[in-house]
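Just so you know, we're using this note's numbering here: the first sequence kicks off at 6 and counts up by one. Down below is the structure, laid out as structure tokens.
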Amino acid sequence: MSWTDDRVEILKKMWGEGQSASQIAKELGGVTRNAVIGKVHRLGLSNRTTAGAAAKTDTPKAEPKAKPVPKAPPKAKPVAVEPEPEPVSTKPDLKTEPAIAPNTPRPPRNQIIPAGQPLPPQPSANEISPEALAKVNEIEKKAKKLSLMELTERTCKWPVGDPATEDFWFCGLPVKQGKPYCEAHVGVAFQPMSARRDRRR
DNA sequence: CCCTGATTCGC
DNA sequence: GCGAATCAGG
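Below you can see the structure in the form of structure tokens.
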């Protein structure tokens with residue numbers, strides 16, 4: 006794919022929003038994050054920090070070539086302006102975060118669909134094997150307790166706690182394979198038909 | 001390990 | 001101009 010005007014525009018917009026190159030690449034499709042970064046640089050819209058700062062890469066001709074080894078060029082770390090990583094995004098309130106607000110009809114705090122689209126259907130929140138439950142209770146103590154924004158494709162997206170409370174987070178442990186959850190949570194999320202079949206009480 | 005952006009350089 | 005490979009870090 007090529008850098009059409011509209012694609013460049015998306016790039017500019019997302020980069021301006023502080024999106025990572027990989028995210029932008031995914032959004033655009035057909036390009037890698039390297040391509041995005043390369044384009045960003047070519048466009049000259051690199052410095053995400055202070056706008057006014059002139060963070061130019063000094064002309065690389067000041068250094069005479071006396072290196073037998075073609076590798077290891079001078080490390081580019083000249084400008085030491087004040088850092089300012091986070092652009093804006095001041096959202097101390099997490100209940101204003103997306104995707105999960107509307108349906109919270111479950112007193113026994115448990116699963117609410119987090120991130121968005123392609124998550125598998127939730128089990129009806131009961132009928133779970135005791136072993137799996139025990140396992141979950143254990144690993145949840147070790148959970149990374151990630152916020153919604155911190156989730157990635159390989160962090161367990163199992164929600165814990167009440168989203169309307171401070172006491173809400175996502176498991177965040179390494180996911181199992183291509184699953185959205187860690188091993189323990191996969192255990193309760195994906196019940197084999199046979200196991201849940203005649204779970205007489 | 002996962003991720004991030006930065007740079008280089010052949011195309 | 002483009003972007004894979006590589007580098008440098010978190």
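For each residue, glycine too, the CB sits at the ideal point set by N, CA and C. Note that the structure is predicted; figures quoted are calculated from it, not measured.
Does residue i pass the burial test, meaning 16 or more other C-beta atoms within 10 Å, or should it be called exposed?
i	result
residue 160	buried
residue 192	buried
residue 185	buried
residue 26	buried
residue 11	exposed
residue 46	exposed
residue 287	Because the chain is modelled from 6 through 206, residue 287 falls outside the range shown and cannot be assessed.
residue 139	exposed
Tell me the rounded alpha-carbon separation between residue i and residue j.
i	j	result
residue 168	residue 144	20 Å
residue 44	residue 173	39 Å
residue 146	residue 166	12 Å
residue 49	residue 38	16 Å
residue 28	residue 41	10 Å
residue 190	residue 153	17 Å
residue 19	residue 8	15 Å
residue 32	residue 179	24 Å
residue 15	residue 23	12 Å
Measuring alpha carbon to alpha carbon, tell me which residue in the options is nearest residue i.
i	options	result
residue 36	170, 14, 146, 6	6
residue 155	139, 29, 177	177
residue 158	166, 165, 142, 175	175
residue 162	19, 38, 148	148
residue 188	142, 170, 171	142
residue 151	139, 164, 28	164
Report the three-state DSSP secondary structure of residue i (helix, strand or coil).
i	result
residue 174	strand
residue 166	strand
residue 50	coil
residue 151	strand
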